[in-house]
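What follows is a single structure, written as structure tokens, with notes after it.
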Amino acid sequence: MSKKFFQFKSVSNYLFLSAILSFLMIGGCAVQAAKTDAAEQPAAKSTDPAMKIAAPNAAKTTRGATIEIEQNSPADTVRVFYKDLRENRFRDAMFLTNLRPAIEGLTDTELQDLQLDLAPIAQQIPAEIEINGEIISGSYATVTAKLPDNETKQLELQEIRLRKEGNFWVILTVDEQAEATIKKEGNQYFFNLRLQTHESEAKAMLERVAKAEMVFALQSGGTYGEIAELVQAGLLPDDALTADSTGYNYRVNLTDGRKKYFATADPAVYGKTGKLSFLLELDAKNGTRLSTKDNGGQPLKK
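The structure is reproduced here in structure tokens:
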């Protein structure tokens with residue numbers, strides 16, 4: 415089997431970043447995907463004062479914009495948000511969204527801890543965001559702008575939805591259910607999300623270990639390999655070697671002359687990088703079974 419099947423992209427906080435990216439990079443949906451709904455609506459009148467659509471010779475008050483942007487307008491809020499995000503002013507950026515309760519109350523040290531995960535997002539933000547549409551309807555607004563797609567990284571026209579709260583516009587980065595969770599968990603939200611993400615990554619990593627061991631055994635006459643050997647063979651990502659990026663320690667224990675093995679994953683810092691411990695074992699037919707348990711951060715088998 416080709417090694418390419420197992421050439422994973424780095425799993426370093428991948429799921430955690432994906433969750434945040436879904437909040438920050440695409441506040442609404444791709445404009446292309448919304449065309450069907452839009453086609454069913456009556457055409458908006460160009461004289462509507464609450465609607466701004468880019469015109470060939472539209473005036474620009476801000477670099478990158480193709481519409482005239484008024485201070486503190488929905489479009490201006492979007493512009494400032496992505497500017498703050500790109501310049502690593504994460505607290506200021508989050509305060510413009512309904513993620514604010516998750517940031518309020520964080521110390522500078524706690525925020526800096528999160529910035530390690532958020533920094534890669536900032537690097538994807540273009541120097542100038544092209545904002546080319548703004549529609550206001552009562553207490554809600556939609557702004558269209560060209561933003562990097564989560565998967566392709568190509569600039570695509572996206573819709574960002576906002577809600578007016580008092581005299582300010584707030585970017586709706588999460589839905590009502592997630593917003594309720596954020597209000598409930600407050601400044602623990604991102605840390606809980608990261609913990610849950612690390613646990614999901616640990617489970618996925620041991621599933622990869624099972625596949626990698628199967629391939630390794632086929633290539634080595636029926637013997638299994640240690641974590642470092644699986645990485646060296648291109649069957650596992652480098653992240654499996656340390657807990658620095660994944661928050662989990664991974665081990666493969668070889669027995670019976672390397673004809674048997676079991677693998678474990680346990681949190682590097684219990685309660686911070688994860689709570690669950692995982693165990694991958696071979697059954698009587700050399701199939702694999704995966705079990706998990708909160709074991710106080712200790713391996714389920716030694």
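Counting in our numbering, the sequence shown runs from 415 upward without gaps.
Cβ coordinates follow ideal geometry from the N, Cα and C atoms, glycine included.
- Non-local C-beta neighbours of TYR603 in its own chain, meaning closer than 6 Å and more than five positions away in sequence, comprise ALA516 and ILE596, ordered along the chain.
- Residue THR678 holds the alpha-carbon nearest to the alpha-carbon of TYR662 among PHE495, THR678 and LEU668.
- If only complete runs of 3 or more residues are kept, the region 501-530 shows no beta strand (DSSP E) anywhere.
- When the Cα atoms are used, ILE545 and ILE539 turn out to be separated by approximately 13 Å.
- With contacts defined by Cβ atoms closer than 8 Å, ASN486 and VAL584 do not form a contacting pair.
- Straight across, the Cα-Cα distance linking GLY600 with PHE509 is about 13 Å.
- Excluding five sequence positions before and after ARG500, the CB atoms of its chain that fall closer than 6 Å to its own CB belong to ALA536 and ILE539, given in chain order.
- Runs of alpha helix (DSSP H) with 4 or more residues, each lying fully within the region 573-655, are found at 590-599, 603-633 and 641-646, listed in chain order.
- Residue environment for ARG703: exposed (fewer than 16 other C-beta atoms within 10 angstroms of its C-beta).
- Only residues of its own chain outside the window of five on either side were considered, and among them GLY710 and GLY711 have a CB closer than 8 Å to the CB of TYR684, listed in chain order.
- Around the beta carbon of PRO534, a 10 Å sphere encloses fewer than 16 other beta carbons of the protein chains shown; the residue is thus reported as exposed.
- Beta bridge pairing from DSSP links ALA682 with no other residue.
- Sixteen is the threshold: when 16 or more other Cβ atoms of the shown chains lie within 10 Å of the Cβ of THR587, as they do, the residue is buried.
- Relative to LEU690, the option among GLU570, PRO713 and ASN581 whose CA is nearest is PRO713.
- Just so you know, the alpha carbons of LEU655 and GLU593 end up roughly 36 Å apart.
- Looking from the CA of ASN581, the closest CA among TYR554, GLN572 and GLU590 belongs to TYR554.
- Secondary structure at THR491: helix, using DSSP grouped into helix, strand and coil.
- When rounded, the separation of the alpha-carbon atoms in GLU565 and ASP670 is 44 Å.
- Under a 10 Å Cβ-count criterion, GLN529 is classified as exposed, with fewer than 16 other Cβ atoms of the shown protein chains found around its own Cβ.
- In this structure, PRO488 lies away from LEU571, with their beta-carbon atoms at least 8 Å apart.
- With respect to the 8 Å criterion, GLU627 and TYR664 are not classified as neighbours on the basis of their beta carbons.
- With respect to the 8 Å criterion, LEU620 and LEU694 are classified as neighbours on the basis of their beta carbons.
- Across the set ASP653, VAL645 and GLU579, the C-alpha of ASP653 shows the shortest separation from the C-alpha of HIS612.
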